[in-house]
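Here the structure comes first, spelled out in structure tokens, and everything after it is commentary.
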Amino acid sequence: MNNIEQFVDELVSAKGFDEKDPEVLAEIKRGVMSRLEDRINAMVLANLPEDSLDDFNKVLDADNEEQMISFVKKYVPDLDEKVAGEMLAFRSAYLG
Amino acid sequence: MSNKAPAPAPAPAPTPANEKQVFKAAIVNTTKMVEAHITDVADARMTASKEDRNKNWFKRKIDKIWKHDLMQEFYRQREISKVRKEIADTGNFYAGDKEIIDSNEAKEAMLAITDRFTDELRDEMLTKEEKDSIDENSRSSQEMNDLVRKYADTTHVMSDQAFEEEKKRIIANLDPTYKDKREVYADNILEIAKNVRQAVANGQKLEELDFDVDITLGSTRGRMQTAAHHNAFDKGVEKLQNSKLGKFLVNTPGAIALSAAVYSVGKYAFTKVARTDAAKIASFGGTAVISGTVAATKEAARLNRERAQHHREKAKGVTFEGDDMKRRNSMNTTSYETQKATEVTTLLAGDLAKVEAGNMQPADLDMIIAHIANLRARKSLGEDRHIDLVTYSSLKMMEKEGKELDKTEAKLVVALRKGVESGKIVFDKETDDFDTYLSQQIYTQERALLGGESGIEKKDQAFTKMKAKRTAWAFVKSATLGAGIGAVFQEAHALLSDDLDGVLEGMSKHLHQGTTGGFTEHATALEALRRHFNHEDVPRLADTGAGHEYLMNGGATTMHTPDGATVTVNPDGTYNIMRGNDVLEKNLPLEFDKTTGDLLPTSRALLQKDGIFANFSQTTQHGSGPMSAEDYIKSHNGDFTKVHRHTFYDNNTADKPDLNEKREYWGGENGTGVNAKGNYEFRTGVKAGGSFHGNDAFDVPEAIKKGGIVKMAFSVTRGTQHEVIMLPVSSVDEHGNAIFEIDKDSALGKDLFEVNADGHAVFKGQFAELIEDSGKAADGAENINIIATHIGLGQADTIVGGVDKVVPHLKLDIPGSWDYEMPMVVPILGRRPLESGKAPAKKKRPNEDPHGPADPNAPTPHGPDGVPLKAKDKLPPSKFTIRKFVGEKPEDKYSGLTQDLEVYEKARLAGGSEFSVNSKDLKSTGFKEILRKHAQVTKTPGSDEETYAVTLDARGKIADALYKANQAEVKRSNLKVQAMGHNPLLEDLDKYAHETMKPVSKEDFTKKYLPKLIQEAFRGYGNIEVPDNAFLSSKSRVLPANEFVGNLDIKVKPSKGSKKVDAKIDNLKFIMKDGKLEVAKGYTFTNPDETKDVRDTVNKVLTDFGSVFDKDLSGLFGEKLKSLKMNGGNVDVLTTKKV
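Protein chains in written order, with the working numbering: chain A, 1 to 96; chain B, 97 to 1235.
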């Protein structure tokens, strides 16, 4: 299990879902994961300099994980802190 | 790139031996075109149909929020996947479109594309991008030549399916890039092969044919040019929707470490920063602004896409009618002015006729050039700007109309150029060069199309304005209303939560209890803002435990802090105030009032700046240790009164106490001197007349009654008896006795009294006298007269007691730790989708079910004739029942048939009338046996695999065999059965199981069947006789595949009773159409003995020749004739049994 899945699992667990149907639970987690990804994506986009967007699109087209991370790290200072911050903010908002 | 256009690929005419022909083939990569089509269909399915728009308000709102906003991209991608699968399943590039286009029509459209690439005028017809895509070196392959030859060989019929498979293999060898299964190609090689086969069927000897298939490779994005115009940011947003970037970033090691820290300490480092008021507000607004920005950008990207969708749909002939087409009407206001391809073609065709007629005037030339320039400008701008300025009747007709337009335009340009070059056309322009002049005119037309009030640039500006308005609204909705909705959700949640304060709870607590209102450590964002604007620092640290005490101000002032807060002193004498590990105040210079020990106002203000309040109080600290009576009296200066004793009421018996002198008693419980409260108590029992001295008498009871005169005076020592503590009467009992109560905590009680081991009060001072206070003396002392005296222990110089000290106290009131939670921005406001357009009406095709398919979005299965099969609910009732085996037994040879039928269905849908299935995909041995018997079997070398090529004829036989086997199996094993519903076998049975397909060469058909059909047509007309072999077919002409021409020698009887005479019909042409034959006009009837009746009869029979197929022709064909169909060089004779 990777980090994001673990994170989402813990969120869903902390939220108190006692859903027994694994498919339903998986759907709940999928939705949470999607929202979290959207939030992080929005943060990245908001932090990228305008003149890097064309290159960013090319990197997205290549669909290569390493390239994407490397590119974003290059242009977004304190990326890890920002990502963790978004995770925390999402956690707070989600758990309410 | 080759600029020299090759000759097109005509149907080959019979050629003399050794004369080599070149057949021009094209293989065109249509991947971009197909991908664009897939997106078009998916986007069209995401529009709101009339039915959707008529749903009730709630359903429409849910759709707008869910399908068209929050989950829009999910639904769109799902539709894209579905369309892609439909295309893969059916092999129909246009599958899924609202405008139903069957496989044959799709193939025709694809052939129109390849025709453009092989046309001799292709340089005039192709776009720049298409011309650039052409591989400079055309390819030829002996393998391909051999394949075409093999297909044309009518003695060993090769199926289309087999041809296609072999063709793909050869093409992949020609160019490895064609092995990529993701790419989609259109080619005309099978058509070339069919033409060759037809030529052979018409008498051309195959061995005498010498040809090369010359292949051109190219690519096209199709007719439509419109694409959504996105800027880099728009594209980023769009692409991020489908990227895994967010997931990747969360899984980076740095984020993992930080998020682990998040869990371990329960909060993130920069939440401290967020504690500042500014950060709170910025964070609250920041989230909303980011949400709003993303929403606005997404809206802009979607508008771009929708505009492109709108324009592409218009280019395909889709119309938008209705009063509720709000979004479409809005899009129309920004749509470009377009021209219909058919209208432009008509215009140019007229121009071409004029040029060819050679009677042009100068004005005509200008007009014609303007027409061409206008069209070219539209094409050029379309290609450059990815927009469509030419529209078509429908998607199906697009390639055909486009090709016609291109061809007409090309012919016109060539004719003009030649005319100008040859001088036949007067060209009196500023330049002699026709093409230069035309280029100038195109440029002028481009400017005209771009400019003006309804020009492209104005339309773009209008769209930009509309987009700005809508994106601004999207921003506002998401940033404010979205955040507002999120905040409302959060407040609602807070009301139900005990450990979270919402703004309503905060206001209520503040109103009723001030800052001590039991605020929780968690607040909603609105409550945080309320606290911020009210300058409230709540909750406070609870001061319910022991807390901490600090000596400050040189030890003079005591400072108390609640649990969880500490004060530390720095070397420079300043202070730090800590809450846990948080430094609330650092290097604070606290200064104190030297008199009171309180903080100076300046220091107090410093604390209050961060919400810390210091509550000041003073306490008196009681002294301790023995001291002299004099010192004691000094230290309790306020308690003592100086007295002058004057009269002792001794009743004139100074040597012994009597009467009232003895009536001063211990009061309290049982005379112990200690009352229920623990205080000390004296009581009197004096009587009237019991106190006198000499002539002075004092009525004590009466004085007690009056009050204020009788008191008690307590002396510490004999030597200090001139200073006493005076005590008034505390109360008077029912007998008139005075009661004196000494507070045990008063200086008198604490220092001059105690309780002994027996629980009796003891007076440690010298005298406790009952006195009459007779007023003040001149020196200010009190004059007193003694009534009775209680003599104490007289511990004069060992009195225990100390000097009381006033101690200043400061109690710090410190704000507690709390945080707030940002609300989720919930932009669930919905979005109005584009309304669905109306696809062009489909023209009814022969033999087509008038009902048409039930679901326009469903995959369209096709029958053997290429006509879409009907949806199951519209199928006519079947006479047969194909059953799905539910309880298949493992030992049953039809075990697995259910799965096999699905494989069969899939192959049939993909292949059309002819298809193949592979034995490795099949499970049922029984089914394989049937296939082996009826299909063309090809064994794969080196393995047990077999490929069954199923022809139209075989399909019926297979269905029939399965039907029978199925019935038998059901009876034998008594299996549980279930109707399978829509199944190709069901239709095969209905259509073909009892049909027989007999391929007959065209020559044989002309010789054997056609004469008999003609005889049958004239049967019953006694005045006309058609002898056997009366029809003499013409072999001298190359005929289109579906035509039969010949002369008919007949005998006619001019009148009743007369003899028959010879007559003939020359140039009698039969055309095969819709499964029947009809006679074309143009024949010549020669009758030597002309009579009108005979001529009328001949004309009637020939005009209505098709009615012969309504007769029972079973005698002619062995079975009932159902239809005829051309199939390459053969005529497929379809007959049916009488069931």
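Idealized CB from N, CA, C, for every residue including glycine.
>> Please report whether the beta-carbon of L1027 of chain B lies at a distance below 8 Å from any beta-carbon of chain A.
In response: no
> Looking only at DSSP bridge pairs, what is K573 of chain B linked to?
Replying inline: None, per the DSSP bridge assignment.
> Comparing the C-beta of V72 of chain A with each C-beta of chain B, is any distance below 8 Å?
Replying inline: yes
> Can we say the stretch 775 to 788 of chain B touches the stretch 825 to 839 of chain B, given the rule of at least three CB pairs closer than 8 Å?
Replying inline: yes
>> Suppose the cutoff is 8 Å on Cβ atoms and the five residues either side in sequence are ignored; what does the same chain contact list for Q714 of chain B look like?
In response: T692, G693, V902, V903, P904, H905
>> For T143 of chain B, tell me which candidate among B:G933, B:Y671, B:N298 has the shortest Cα-Cα distance.
In response: B:G933
>> When you compare the CB of F344 of chain B with every CB in chain A, is at least one pair closer than 8 Å?
In response: yes
> Can you find a CB in chain A that lies within less than 8 Å of the CB of L341 of chain B?
Replying inline: yes
> What separation, rounded to the nearest whole angstrom, lies between the Cα atoms of G983 of chain B and R317 of chain B?
Replying inline: Residue placement at G983 of chain B is flagged as unreliable, the pLDDT there being 40, under the threshold of 50; the coordinate-derived value follows with that caveat. Whole-angstrom Cα-Cα distance: 50 Å.
>> Taking 8 Å as the threshold (beta carbon to beta carbon), is I40 of chain A in contact with chain B?
In response: yes
> In angstroms, rounded to a whole number, what distance separates the CA positions of K450 of chain B and A132 of chain B?
Replying inline: 39 Å
> Alpha carbon to alpha carbon, how far is K1216 of chain B from N1223 of chain B?
Replying inline: 20 Å
>> Let me see if you follow: with CB-CB separation under 8 Å, is V83 of chain A close to chain B or not?
In response: yes
>> Measuring CB atoms only, is the stretch 555 to 568 of chain B touching the stretch 388 to 406 of chain B, in the sense that at least three cross pairs come out at less than 8 Å?
In response: yes
> Taking C-alpha atoms, which residue in B:A710, B:L508, B:A877 lies nearest to K738 of chain B?
Replying inline: B:A877
> Rounded to a whole number of angstroms, what is the C-alpha to C-alpha distance between W569 of chain B and T576 of chain B?
Replying inline: 10 Å
> What are the start and end residues of each continuous alpha helix (DSSP H) run of 4 or more residues lying completely inside the stretch 457 to 525 of chain B, in chain order?
Replying inline: 458 to 481, 491 to 518
>> What would DSSP say about G1211 of chain B, mapped onto helix, strand or coil?
In response: helix
> Roughly how many angstroms separate the alpha carbons of K939 of chain B and G1022 of chain B, rounded to a whole number?
Replying inline: Interpretation of K939 of chain B is limited by its pLDDT of 48, a score under 50 that renders its predicted location unreliable; no figure is taken from the coordinates.
> How many angstroms separate the CA atom of L889 of chain B from the CA atom of G786 of chain B?
Replying inline: 27 Å
>> Let me make sure I understand the geometry here. Which of B:Y247, B:N152, B:L625 has the alpha-carbon closest to that of I288 of chain B?
In response: B:Y247
>> Measuring only the C-alpha atoms, how far is D165 of chain B from N200 of chain B?
In response: 38 Å
> Is it the case that the Cβ atoms of L684 of chain B and P658 of chain B are separated by a distance below 8 Å?
Replying inline: no
>> Since K1019 of chain B and D996 of chain B should fall inside the 8 Å C-beta cutoff, what is the C-beta to C-beta distance between them, to a whole number of angstroms?
In response: 6 Å
>> Can you look up E432 of chain B in the DSSP assignment and give me helix, strand or coil?
In response: Reading off the sequence, residue 432 of chain B comes out as Tyr, not Glu. Correct three-state label for Y432 of chain B: coil.
> Using 8 Å as the limit for Cβ to Cβ distance, is I28 of chain A near chain B?
Replying inline: no
>> Does L596 of chain B pass the burial test, meaning 16 or more other C-beta atoms within 10 Å, or should it be called exposed?
In response: buried
>> For V32 of chain A, would you say it is in contact with chain B, using Cβ-to-Cβ distances shorter than 8 Å as the test?
In response: no
> With C-beta atoms as the reference, is K151 of chain B less than 8 Å away from G926 of chain B?
Replying inline: no
> Is any beta-carbon of chain B found at less than 8 Å from that of E23 of chain A?
Replying inline: no
>> Can you give me the C-alpha to C-alpha distance between A772 of chain B and E865 of chain B, rounded to a whole angstrom?
In response: 23 Å
> Between V1194 of chain B and the rest of its own chain, which residues show a CB-CB distance below 6 Å, the 5 nearest in sequence each way excluded?
Replying inline: F1181
> What are the boundary residues of the alpha helix (DSSP H) that R543 of chain B is part of?
Replying inline: 530 to 546
>> Rounded to whole angstroms, what is the Cα-Cα separation between Q817 of chain B and R741 of chain B?
In response: 10 Å
> Are the Cβ atoms of A282 of chain B and V137 of chain B separated by less than 8 Å?
Replying inline: no
> If K1297 of chain B and D306 of chain B are in contact, beta carbons under 8 Å, what's the gap, nearest whole angstrom?
Replying inline: Absent from the model: residue 1297 of chain B. The displayed extent of chain B is 97 to 1235, so no value can be given.
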